[in-house]
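A short write-up of the structure that comes next.
There are 2 protein chains.
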Amino acid sequence: MTLDFWFDFGSTYSYPAAMRIEQLAASRGVRISWRAFLLGAIFKSEGMNDSPFNIYPARGRYMWRDLERVCQSEGIPYRRPSQFPRNGLLAARIACWYSDASWLSEFVRAIFRANFQDDFDISDASVVARCLTALGQNAAEVLARAQSAESKLKLRAQTDEAARLGIFGAPFFMVGHEPFWGNDRLEQAISWYAEHTAQSILSPDVAR
Amino acid sequence: MTLDFWFDFGSTYSYPAAMRIEQLAASRGVRISWRAFLLGAIFKSEGMNDSPFNIYPARGRYMWRDLERVCQSEGIPYRRPSQFPRNGLLAARIACWYSDASWLSEFVRAIFRANFQDDFDISDASVVARCLTALGQNAAEVLARAQSAESKLKLRAQTDEAARLGIFGAPFFMVGHEPFWGNDRLEQAISWYAEHTAQSILSPDVAR
Chain V
148 MTLDFWFDFG STYSYPAAMR IEQLAASRGV RISWRAFLLG AIFKSEGMND
198 SPFNIYPARG RYMWRDLERV CQSEGIPYRR PSQFPRNGLL AARIACWYSD
248 ASWLSEFVRA IFRANFQDDF DISDASVVAR CLTALGQNAA EVLARAQSAE
298 SKLKLRAQTD EAARLGIFGA PFFMVGHEPF WGNDRLEQAI SWYAEHTAQS
348 ILSPDVAR
Chain P
148 MTLDFWFDFG STYSYPAAMR IEQLAASRGV RISWRAFLLG AIFKSEGMND
198 SPFNIYPARG RYMWRDLERV CQSEGIPYRR PSQFPRNGLL AARIACWYSD
248 ASWLSEFVRA IFRANFQDDF DISDASVVAR CLTALGQNAA EVLARAQSAE
298 SKLKLRAQTD EAARLGIFGA PFFMVGHEPF WGNDRLEQAI SWYAEHTAQS
348 ILSPDVAR
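Here the protein sequences line up with chains V and P, keeping their order.
For reference, each letter of the first sequence is one residue, going 148 to 355 in this note's numbering.
For reference, each letter of the second sequence is one residue, going 148 to 355 in this note's numbering.
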């Protein structure tokens, strides 16, 4: 079993979750599956052409204040991006195509930091390339591969899967069929995983 | 300073917050101001004619599962209401008009229990009357008073105030100008109050 971590690079609360999840998961022996998807496509299917934080200004104002508090209390550097939401399509294609790469989690954090610490435009290929190069990857090769037809299809299929699973926001965590929405629920998702994995070791019948 | 607790009797996450707040606040010396309002009026001003949990089915499905988990982990009895959202107008008028009554917090919990434990129709005056009678109140008198023109105006003004404050959901907690949204943020709101009250005792200038 894995804890499926669904995230979108433009999503504000995905940022603290992405910065926290690997360390938390390791401390409890939880295996993460990194699942980039396009939240905008889900919003569109619900009839929204923008983030609800932009459509409903009171929600947006609150979210920015709350995000600032969350990052502060977690010790995560944060600067409000001058553009929201940023288009994370290119980075998401990379994260989806290379989801099992050893450098994937570092890449995810690098892109989130670019958006939410450095206020860089993560839709810009040169920004993404810089993140890859800093991780010792061949940026040109990775970018070409991520823009291939099969890579584009893979991210589209993964976003369709998110919709099928009932995912409507990010970050979202799935442990088996158990859904957890929001950075606030990360600890609970990890505990759920730990408890249910322990159970399946003790009584194999339950796991089936 | 008070911690302003904004709630709507039909709102699902207002239920665990209402059941928890008084004890938590007492343990930290926090004064609560009980602020009933009509969340539906706020949704309407945002262009929504129903709860977002009904408008967006995936959000609704998740919320019901999550609410069940929240109540379970807090030891709060819960049964999913057969109707959602229920119309809490009458009960809100009472809670608004009698916001300083000694029996108010018990009344609030009684109405929430009727909705989320007993699956009673809280828009029914006889259900509300039963809650009042059980608290030793003269139900006929309270109901008549709550339906007076001035009482109706008071709730309308209080709902307008919620909108002015940027409140877009329930439960919502305000500590001075600091906003906290959701049952998940109750502990944080109480800590914020405790810290900032302590600060204003130590350095009166800060409080001004």
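Beta carbons are placed, not taken as given, at the ideal position from N, Cα and C, and that holds for glycine.
Because the structure is a prediction, the values reported are computed rather than measured.
Our two residues, V:E215 and V:Y225, have alpha carbons roughly 7 Å apart in a direct line. Residue state for V:I258 is assigned as helix, using DSSP reduced to three classes. Along the segment 316-343 of chain P, going in chain order, the ones with a CB nearer than 7 Å to a CB of chain V are P326, W328 and D331. One finds nothing in chain V with a Cβ atom closer than 8 Å to the Cβ of P:A188; even the nearest lies about 13 Å away. The Cβ atoms of V:F231 and V:S198 sit closer than 8 Å to each other. In the DSSP assignment, P:M321 forms a beta bridge with P:D151 and P:P326.
Contact between the segment 239-259 of chain V and the segment 169-187 of chain V is established, with three or more Cβ pairs separated by less than 8 Å.
Non-local C-beta neighbours of P:A276 in its own chain, meaning closer than 8 Å and more than five positions away in sequence, comprise A286, A287 and L290, ordered along the chain.
For a Cβ distance threshold of 7 Å, nothing in chain V lies close to P:R167: the least Cβ distance comes to about 16 Å. In the DSSP assignment, P:I168 falls within the unbroken alpha helix (DSSP H) covering S161 to S174. Taking 8 Å as the threshold, the shortest C-beta distance from P:G222 to chain V does not fall below it.
In this structure the segment 294-307 of chain V does not touch the segment 261-270 of chain V; the number of beta carbon pairs closer than 8 Å is below three. By the rule that beta-carbons nearer than 8 Å mark a contact, V:G313 touches chain P.
Judged by DSSP in its simplified three-state form, P:I337 adopts helix.
Between P:R256 and P:M166, the CB-CB gap stays under 8 Å. For the set V:D268, V:G176, V:K191 and V:W211, the Cα lying nearest the Cα of V:F200 is the one of V:W211. Pairing P:P228 with P:Y160, the inter-Cα distance amounts to about 13 Å. Chain-order list of chain V residues neighbouring P:A309: empty, with the shortest C-beta distance near 10 Å, by a criterion of under 9 Å. E193, Y203, A205 and R206: these are the residues of the segment 176-207 of chain V whose beta carbon lies less than 7 Å from some beta carbon of chain P, given in chain order. Per DSSP, P:I179 lies in no alpha helix (DSSP H) segment; the continuous beta strand (DSSP E) that holds it begins and ends at I179 to A183. The Cβ of P:R227 sits no closer than 8 Å to any Cβ of chain V.
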